[in-house]
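Read the structure below first, then the notes.
Protein chains: 2
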Amino acid sequence: MARKTGSHSDITGPRVQQAALRLFARHGYAAVSMRQIAAEVGVQAGALYNYTPDKQSLLFDLMRGHMEDLMAERAARGGQGGPLARLEEFTRFHIAFHLERPDAVFVSYMELRNLEPKNFAVIEGLRRGYENELQGILEDGVAEGVFAVADPKVATLAVIAMLTGVTTWYRREGRLSPAEVGTLYWDMVRKAVAA
Amino acid sequence: MARKTGSHSDITGPRVQQAALRLFARHGYAAVSMRQIAAEVGVQAGALYNYTPDKQSLLFDLMRGHMEDLMAERAARGGQGGPLARLEEFTRFHIAFHLERPDAVFVSYMELRNLEPKNFAVIEGLRRGYENELQGILEDGVAEGVFAVADPKVATLAVIAMLTGVTTWYRREGRLSPAEVGTLYWDMVRKAVAA
DNA sequence: AGAGTATCTGAACGCGTGTTCAGTTCAATC
DNA sequence: GATTGAACTGAACACGCGTTCAGATACTCT
């Protein structure tokens, strides 16, 4: 019988995750202490252990959650249309998705080396799946003659690096909207792989 | 009167830097202790302080050295020829330079947030200078009508992100030589900004 | 041989770490 | 109104941190 009112766990739990994400993104996993996270939430350090078995799980759960969101949203949009249309959709989606969650993106790309090997393998597997979708689009395009890329694997990694790089400079208060950024990048991606 | 033989400082000093670079690249600045660095060199932790005033300076000196190397090598190769030739030279140089120093690159891009504000400003200034060279090439190309980029600033950051991303997947033992990688990327860069 | 000094050791300093846990608080239930 | 149990505190644990420094070591120079 879970209590409905007066129970804080369904409030504190997410707040722990939020605080951890924020702090990990700003200072890095290794540089953030459990006491800092607790202070941000407004509890003592010991209370965090009602919501995570340990610090490593806090990091892993954040990264797995981010990657699963990514894959789920990707699966929701079907790969419809020809390679060019699919590539445009992928490009704009990637930009929009990443600009919406700068902290999660930052943590997921920077803290891979702080994952225990087993956890690392899980995240790496999810990422590989995401990359494979782009690679499939490029390969289809090459087969149909609409794309010309000498090495689809390298092109995949190059395009993803370029797109993800947007998170390092984009600022909400800046002169460009996410959609405008998407258009700028789509223009470059399209030309880069064009036949 | 510096002693020539028997003096270890000119051996230990560089070894400290090497060890710090290796460990920072693999585990991150915050996760590496002075005792770990000392163990890698084969001395006690206290001995490190003959070669650096503190841990922060160790990081800063590594990053500054890397950026200064980058700028020096860039200055050595003049910006000769038209925008297309200069862009090709820049692209191939960037790939080759970065593939030669994976550890320094990794540290310089990942540990910016662990720099004290003053040190951060120095490194950021150097990087800005490097980016400006690429931006200048793109702007010249646009002026001459050989490039078509809607936003030179964004294009600069996009190209650099794409090129630097090569360090995340390239392995010396892999199927591609640095020169081959350079050619693959140049093909994509050239098309991405072409008029 | 003796003096001088660059180099390093080993112990210590105060402090922060992740984690555990007995005990307190307090709203929901009976 | 008594009981229950989830949520949390506050103190403690063993340990590692960056840094300092008096003293040992090992070498060069006179």
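Going down the list, the sequences are from chains A and B.
Residue numbering for the first sequence follows our numbering, beginning at 398 and increasing consecutively.
Residue numbering for the second sequence follows our numbering, beginning at 398 and increasing consecutively.
Glycine is no exception: its CB is placed at the ideal position from the N, C-alpha and C atoms.
From residue i to residue j, what distance separates their C-alpha atoms?
i	j	result
residue 498 of chain A	residue 566 of chain A	14 Å
residue 413 of chain B	residue 429 of chain A	26 Å
residue 558 of chain A	residue 405 of chain B	43 Å
residue 493 of chain A	residue 408 of chain B	51 Å
residue 554 of chain B	residue 480 of chain B	17 Å
residue 529 of chain B	residue 563 of chain A	17 Å
residue 399 of chain B	residue 462 of chain B	Caution applies to residue 399 of chain B, whose pLDDT of 34 falls short of 50 and renders its modelled position unreliable; the value that the coordinates give is listed next. Answer to the nearest angstrom: the Cα atoms are 24 Å apart.
residue 476 of chain B	residue 533 of chain B	10 Å
residue 580 of chain A	residue 440 of chain B	55 Å
residue 459 of chain B	residue 525 of chain A	32 Å
residue 442 of chain A	residue 491 of chain B	46 Å
residue 539 of chain A	residue 538 of chain B	29 Å
residue 467 of chain A	residue 560 of chain A	15 Å
residue 402 of chain A	residue 419 of chain A	With a pLDDT of 46 at residue 402 of chain A, under the threshold of 50, the modelled position of this residue cannot be trusted, and the question is left open.
residue 586 of chain B	residue 449 of chain A	45 Å
residue 489 of chain A	residue 438 of chain A	35 Å
residue 431 of chain B	residue 415 of chain B	13 Å
residue 487 of chain A	residue 531 of chain A	7 Å
residue 549 of chain A	residue 470 of chain A	24 Å
residue 571 of chain A	residue 411 of chain A	29 Å
residue 472 of chain B	residue 484 of chain B	15 Å
residue 444 of chain A	residue 434 of chain A	11 Å
residue 500 of chain B	residue 541 of chain A	40 Å
residue 436 of chain B	residue 584 of chain B	45 Å
residue 575 of chain A	residue 569 of chain A	8 Å
residue 496 of chain A	residue 417 of chain B	34 Å
residue 523 of chain B	residue 482 of chain A	40 Å
residue 465 of chain A	residue 552 of chain B	30 Å
residue 478 of chain A	residue 474 of chain B	46 Å
residue 573 of chain B	residue 421 of chain A	35 Å
residue 578 of chain A	residue 578 of chain B	27 Å
Which residues bound the alpha helix (DSSP H) around residue i?
i	result
residue 358 of chain A	Limits of chain A in this structure are 398 at one end and 592 at the other, which puts residue 358 of chain A out of reach.
residue 466 of chain A	452–473
residue 505 of chain A	499–507
residue 531 of chain B	514–541
residue 437 of chain B	431–438
residue 554 of chain A	549–561
Going by other Cβ atoms of all chains shown within 10 Å of its Cβ, with 16 needed for buried, is residue i buried or exposed?
i	result
residue 547 of chain B	exposed
residue 511 of chain B	buried
residue 446 of chain B	exposed
Thinking residue i and residue j are a contact (beta carbons under 8 Å), I'd like their distance in whole angstroms, please.
i	j	result
residue 520 of chain B	residue 509 of chain B	7 Å
Taking one C-beta from the region 505–517 of chain B and one from the region 448–466 of chain B each time, how about it: are there three or more such pairs within less than 8 Å? yes
Would you call the region 500–514 of chain A in contact with the region 420–429 of chain A, where contact means no fewer than 3 C-beta pairs closer than 8 Å? yes
If we count Cβ pairs, one from each stretch, closer than 8 Å, do we get three or more for the region 570–590 of chain B versus the region 533–551 of chain B? yes
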